[in-house]
Structures are given as structure tokens and as C-alpha cells.
Amino acid sequence: MSSSPEIPSTMRALAISDYCTPDKYEIQTLPVPKINKPGDCLIRVHAASSSAGETMGAAGTFRYLIPAKFPWVLGMEGSGVVVAVGSGVKSLRVGDEVMGGRYTRPVFPHQYGGWIAEYAVAPEALLARKPPGVGFEDAACLTGATVVAYQSFSRGVHGLMGLPAGASLEGKTVFIPGALSFTGSVGVQMAKNVYGATKVISTVSTPKVPIVEQHLGPGVVDQVIDYRTQDVAKEVGRGTVDFVYNTQWTLESTFQLLKPKTGVVVTIASIPHPDGMRDAVGKIPLFLVVVLTVCQWWYDWKMRGTNIQRLFISGNPAVREDFEKSVELIGRGKIKAVKSVVSFDDVTAMRSELSKVHSQKGGLGALVVKIL
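This is the structure we're talking about:
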């Protein structure tokens with residue numbers, strides 16, 4: 177194993193000792209994680225981010241499906257500098273600036289600790305060199321959301337819509353809710369900057385309407401709808417949308433927007449098909465298979481009389497080709513971070529901002545914790 181000589185034995189980490197909500201998160205002193213597999217890297221973390229899914233897991237939402245191990249260090253992805261590598265690491269070296277995550281499929285049980293800590297271990301397969309023009313804070317929050325958006329658009333556009341590889345969405349209308357949310361902000365950029373959609377429509381709350389272009393740039397979202405004061409279906413027009421990338425738990429409300437004969441919706445936030453749940457979390461009990469199947473019947477009933485196609489995707493950063501393509505898009509400036517930043521030294525601010533992540537209300541883009 178190759179390493180830097182100055183690695184300490186302990187570190188500070190944002191962690192929990194039992195299931196709880198973000199207001200109970202605390203800074204703990206824990207051992208610096210060890211490299212236990214030949215393909216692992218130890219990283220001195222510069223910045224990290226969490227997600228609503230992680231805070232739900234930390235609150236015990238999935239406790240009956242997946243047992244947790246405590247202490248649980250928070251942080252789904254991050255960025256930093258490699259300080260040690262396992263004997264099997266081939267492409268990374270001590271001193272490399274990297275970005276990446278810790279989860280593949282199934283997500284649980286966590287094989288690696290979290291990134292909101294002074295040090296983190298991650299497999300080389302889930303890391304990439306940070307592009308030179310991308311800062312540590314942006315790099316800390318973009319890989320996961322970009323991979324899932326890239327995979328969603330790839331399967332939706334080329335699979336369900338049947339367009340050939342390399343084809344764009346020119347002439348097409350795309351709807352993505354939550355333009356300034358963590359996943360929505362990446363989605364609208366994927367639609368416009370990568371797939372060249374002619375018209376991108378999205379939603380925000382009233383206070384955020386004036387700042388969409390400030391954070392995303394001019395022309396990324398062609399039509400901004402204030403979902404608090406406007407009727408989304410009326411503003412968009414029923415049956416006018418070609419493709420929906422759904423990032424919120426309101427999937428059924430998008431069906432009426434889609435063209436009934438040719439519309440496609442790819443969702444990352446809805447009740448999944450049993451196969452999608454197995455892909456995301458592994459083996460599931462029979463009762464849950466039954467419940468999920470019945471929910472799919474409900475979606476089918478809501479879509480009755482149409483040929484709309486829908487697909488649930490949870491995203492898999494372990495597909496290396498997709499991971500590398502996503503990092504390339506980030507490096508080329510096609511996908512930029514919309515983010516809020518808090519200091520690792522301010523536990524009160526971290527609790528407050530992570531509570532917004534958990535409730536999925538009031539935040540702006542991704543929450544990044546600046547550690548160095």
C-alpha cells in the first residue's frame with residue numbers, strides 16, 4: 177500500500193449513533209477508515225454532500241429492509257486528495273485530486289463510510305480525477321446526480337423513444353420539475369446542454385422564479401412556472417410534452433402533460449417496480465413485492481387510454497462508461513452545480529441545512545459541506 181506519512185489515527189466526522197433526523201446529527205471523533213480491499217483509496221476530504229435518500233435512511237425509513245451499522249458517517253459523495261491507495265489500485269496515485277461516491281447497487285448495506293468527515297475510503301471504481309476547471313465544492317455534489325440523469329436520458333431517449341445513438345431532442349419538449357432542486361437542476365442542464373431539447377419547461381416556488389437564470393444560465397429553462405401561483409397543467413398544456421424526467425414524488429401529475437400516443441416519462445422519485453427496488457436495495461420481502469406490484473397497477477390505471485411509456489431508474493455509478501461520461505460532461509461545463517455551502521465547523525448550520533434536504537423543502541440545489 178502506498179500512502180502519505182502524516183495520516184492521523186482519528187478524525188472528525190458527522191455521524192449518528194442511532195436512527196435520527198438531521199437535528200440530532202453530531203460531530204464525532206472516530207478512527208480514520210482503513211483500506212481493507214486492494215482497490216480502495218483513502219481520501220483527505222475537501223468537501224462532501226448528502227441527499228434526501230440518505231437522510232431518510234438515517235432516520236430509519238428503511239430499517240425493516242436494511243439493517244444499519246453504527247456509528248453511521250453521513251455523506252454520499254465528495255471530493256478531496258488521495259493520501260493512500262490499496263495494492264490493486266491502477267489509475268490513481270497519492271496526491272491526485274478526485275471526486276466520486278461510495279455506493280453502487282444494491283445501495284445497502286453500505287460497504288463504505290460516509291464522506292462528511294476528514295477522511296473517507298472509496299473504491300477506485302467509484303472515483304475519477306477531478307477535472308482541472310472544477311472546484312472541490314462543485315465536484316463534491318455532481319457525480320451521483322449527473323450519472324442518474326445521464327442514464328435516465330440515455331434509456332428514455334434511445335430506449336423508450338427509439339431515437340438512434342447520438343440523436344438529440346431537437347424539436348422536442350421536455351418537462352422537469354424543480355429547476356433549482358438538487359436533481360432537477362442537473363436534469364434541466366442535461367436536457368438543454370447535452371441533449372439539445374428545443375423547449376425545456378420546469379417549476380420553482382415563488383421566491384426562486386427571479387433567480388433561475390442566475391443559477392442555471394440564460395436559455396437553459398425556456399419556460400419557468402411558479403407552481404405555487406400557477407396551474408402547471410394549464411401553463412404547460414395537456415398532451416404537449418414529449419419527455420418527462422420526473423424528480424419529485426408527484427409522478428402521476430405528469431401523465432396529463434405527456435403526448436398520449438408517444439410520451440415517455442423516466443422517473444427517479446416514485447414507487448418503483450419490484451425489479452427496480454431489487455436493483456436499488458437488493459433482496460426484498462414478498463409482502464413488499466405485492467405492494468409495489470399493486471402500486472404499478474395504480475399507475476397503469478392513471479395512464480389508461482394512452483400509450484405513454486414509463487420507466488423507474490435509481491442510477492448506478494458503478495457503470496464505469498456512464499460514470500466517465502458524466503465526469504467528462506462536468507469537466508466540459510455542460511453540467512454545473514447549483515448548491516448551498518455550509519462549513520464542517522458549524523454543526524448548527526449543517527443540521528439546519530440537512531433538515532431542508534430531509535424535508536425536500538426550502539433548500540437550493542445540492543447541500544455541500546466544506547471541510548477544507
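177 is the number of the first residue of the sequence shown in the working numbering; add one for each residue after it. Note that the Cβ used here is the ideal one computed from N, Cα and C, for glycine as well. Keep in mind that this is a model prediction, so the values were computed, not measured.
- Bounds of any beta strand (DSSP E) do not take in R527; it lies within the alpha helix (DSSP H) bounded by V523 to S535.
- Measuring C-alpha to C-alpha distances from G363 to each of V514, E529, K266 and T231 identifies V514 as the nearest.
- Rounded to whole angstroms, the gap between the alpha carbons of S179 and G289 is 19 Å.
- The closest CA to that of A234, considering only K537, V533 and I547, is found on V533.
- Pairing P214 with S263, the inter-Cα distance amounts to about 5 Å.
- In the structure shown, M366 falls within a helical segment according to DSSP collapsed to helix, strand and coil.
- Per DSSP, the unbroken alpha helix (DSSP H) holding S502 starts and ends at R496 to G507.
- Leaving aside the five residues that flank D402 on each side, the residues in its chain whose CB is nearer than 6 Å to its CB run, in chain order, T382 and V385.
- When C-alpha distances from H449 are compared across W425, T430, Y475 and S429, the shortest belongs to Y475.
- Taking C-alpha positions only, D398 is separated from T524 by approximately 37 Å.
- Listed as beta-bridge partners of Q204 by DSSP are A189.
- The C-beta distance from T280 to L250 rounds to 18 Å, too long to meet the 8 Å contact threshold.
- According to the DSSP assignment, A234 belongs to the alpha helix (DSSP H) that extends over A228 to A234.
- The Cβ atoms of T359 and P493 lie no closer than 8 Å to each other.
- DSSP, reduced to helix, strand and coil, places C317 within a helical segment of the structure shown.
- In the assembly as shown, N422 is a buried residue. Its beta-carbon has 16 or more other beta-carbons within 10 Å.
- In terms of Cβ geometry, L487 and G332 form a close pair [threshold 8 Å].
- The C-beta of W291 has 16 or more other C-beta atoms within 10 Å across all chains shown, which makes the residue buried.
- A Cβ-Cβ distance of about 18 Å is found for the pair V261 and M187, leaving them out of contact under the 8 Å criterion.
- Nearest to A223 by C-alpha distance, out of G254, G439, L241 and E230, is G254.
- Contact between the segment 186-205 and the segment 268-277 is absent: fewer than three C-beta pairs spanning the two stretches fall below 8 Å.
- The closest CA to that of G342, considering only T349, K348 and H334, is found on H334.
- Taken in chain order, the complete beta strand (DSSP E) segments of 3 or more residues contained in the segment 366-412 are 375-380 and 399-402.
- In the DSSP annotation of this structure, the continuous segment of the beta strand (DSSP E) that includes L543 starts and ends at A542 to K546.
- Bridge partners of D216 according to DSSP: P299.
- With respect to the 8 Å criterion, P436 and I377 are not classified as neighbours on the basis of their beta carbons.
- Inter-segment contact for the segment 299-315 and the segment 201-209 is absent: fewer than three beta-carbon pairs are separated by less than 8 Å.
- As DSSP reads the structure, V420 sits in a beta bridge with F351 and V441.
- According to the DSSP secondary-structure assignment, E273 is paired through a beta bridge with V257.
- Under a 10 Å Cβ-count criterion, K200 is classified as exposed, with fewer than 16 other Cβ atoms of the shown protein chains found around its own Cβ.
- In this structure the segment 418-434 does not touch the segment 449-466; the number of beta carbon pairs closer than 8 Å is below three.
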